[in-house]
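Colleague: Encoded as structure tokens, here's the structure I'll be asking about.
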Amino acid sequence: MNERIKIVINNLEKRKIPAKYFSTREEAEKEILRETKNFKNIGIGGSMTIMEMKLHETLANKDKNVYWHWLVEPEERDETRRQAANADVYLTSTNALTENGELVNIDGMGNRVSGMYYGPKKVIVLCGVNKICHDLVSAMDRIKKEACPPNAKRLGLKTPCSITGSCNDCLSEERMCNVTVIINHKPMAVDLKVYIIGESLGY
Numbered sequence: 001m002n003e004r005i006k007i008v009i010n011n012l013e014k015r016k017i018p019a020k021y022f023s024t025r026e027e028a029e030k031e032i033l034r035e036t037k038n039f040k041n042i043g044i045g046g047s048m049t050i051m052e053m054k055l056h057e058t059l060a061n062k063d064k065n066v067y068w069h070w071l072v073e074p075e076e077r078d079e080t081r082r083q084a085a086n087a088d089v090y091l092t093s094t095n096a097l098t099e100n101g102e103l104v105n106i107d108g109m110g111n112r113v114s115g116m117y118y119g120p121k122k123v124i125v126l127c128g129v130n131k132i133c134h135d136l137v138s139a140m141d142r143i144k145k146e147a148c149p150p151n152a153k154r155l156g157l158k159t160p161c162s163i164t165g166s167c168n169d170c171l172s173e174e175r176m177c178n179v180t181v182i183i184n185h186k187p188m189a190v191d192l193k194v195y196i197i198g199e200s201l202g203y
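Under the UniProt record's numbering, residues 1 to 203 are what the sequence shown spells out, in order.
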């Protein structure tokens, strides 16, 4: 663990958000399985990090009920989002994590970010080292350049960023930058933890 990550973890814990560092995704997965051992219902917020880790498959193989709207038909997505938001454990990632310990996220619908601070009993946020930023300004810059455009392209959205690769602060009907949330401190009603993984994961 390098000095920068130590600073991030220290600042998260100052904000009453427990944090751990794992060198590899495999190490993080073992800890998640331990954390979820006594829980049946697992919700997942849209996350390429979790998709790349195939955590949903691992959890399903452990006989967990996994609620993730990415895995169901369009007509089932709203109900699945609600089930995820009320699950025992909610897993997701973050678009950016500042050195000062702030979690910064931009969402299209808002279900992912709302699940991070209200609803589930336990929330675990997974963050690859590629998402650590110096401050709030660089965090927003990262999201607008490295997270939203490739995600819009992946989803086939008709937004300027999906074509140009950079944010135009558009007013497109398919705009995905609709809800911006900064978690400055542990939310009152949620057991929130952050797992930093020493790999480049997600957008």
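Note that beta-carbon positions come from the ideal geometry of N, C-alpha and C, so glycine has one too.
Could you check the C-alpha separation between R81 and N95 for me, to the nearest Å?
Modeller: Rounded to whole angstroms, R81 to N95 spans 19 Å at the Cα level.
Colleague: Determine the DSSP secondary structure at T159, reduced to helix, strand or coil.
Modeller: Coil, per DSSP.
Colleague: Relative to the C-alpha of G119, which candidate in N11, G45, R25 has its C-alpha closest?
Modeller: The shortest C-alpha separation from G119 is found at G45.
Colleague: For G165, which three-state DSSP category applies?
Modeller: Coil at G165, not helix or strand.
Colleague: Drop a sphere of 10 angstroms on the beta-carbon of D78, count the other beta-carbons inside from all chains shown, and report buried for 16 or more, exposed for fewer.
Modeller: D78 should be labelled exposed.
Colleague: Quick test of the definition: if touching needs 3 or more C-beta pairs under 8 Å, does the region 151–158 touch the region 183–196?
Modeller: Output reads no: the region 183–196 does not touch the region 151–158.
Colleague: Quick test of your reading: E99 and I9, contact by CB under 8 Å. State the CB separation rounded to the nearest angstrom.
Modeller: Contact doesn't hold; Cβ gap of about 10 Å is too wide.
Colleague: Taking K14 as part of the alpha helix (DSSP H), name the residues at either end of that continuous run.
Modeller: It spans 3–14 - the alpha helix (DSSP H) in which K14 sits, taken as one unbroken run.
Colleague: So, using beta-carbon positions, are G101 and N11 closer together than 8 Å?
Modeller: Contact: yes.
Colleague: My guess is that F22 and Y195 are in contact by the Cβ rule of under 8 Å, so how many angstroms apart are they, rounded?
Modeller: The pair is a contact, with the Cβ atoms about 6 Å apart (cut-off 8 Å).
Colleague: Could you check what DSSP says for A189 in three-state terms: helix, strand or coil?
Modeller: In the structure shown, A189 sits in coil (DSSP, three-state: anything other than H, G, I, E or B).
Colleague: For V125, tell me which candidate among L103, E26, I143, R34 has the shortest Cα-Cα distance.
Modeller: For V125, the nearest C-alpha among the options comes from L103.
Colleague: Between which two residues does the alpha helix (DSSP H) containing D78 stretch?
Modeller: That run of the alpha helix (DSSP H) goes 77–85.
Colleague: With DSSP run on the structure shown, which of helix, strand or coil describes T180?
Modeller: Strand, per DSSP.
Colleague: Thinking just about the alpha-carbon of each residue, which of E31, I5, L136 is nearest to the one in residue 234?
Modeller: Outside the displayed span of the chain (1 to 203) sits residue 234, for which this structure offers no information.
Colleague: Distance, Cα to Cα, E13 vs A60?
Modeller: Between E13 and A60, the C-alpha separation is close to 31 Å.
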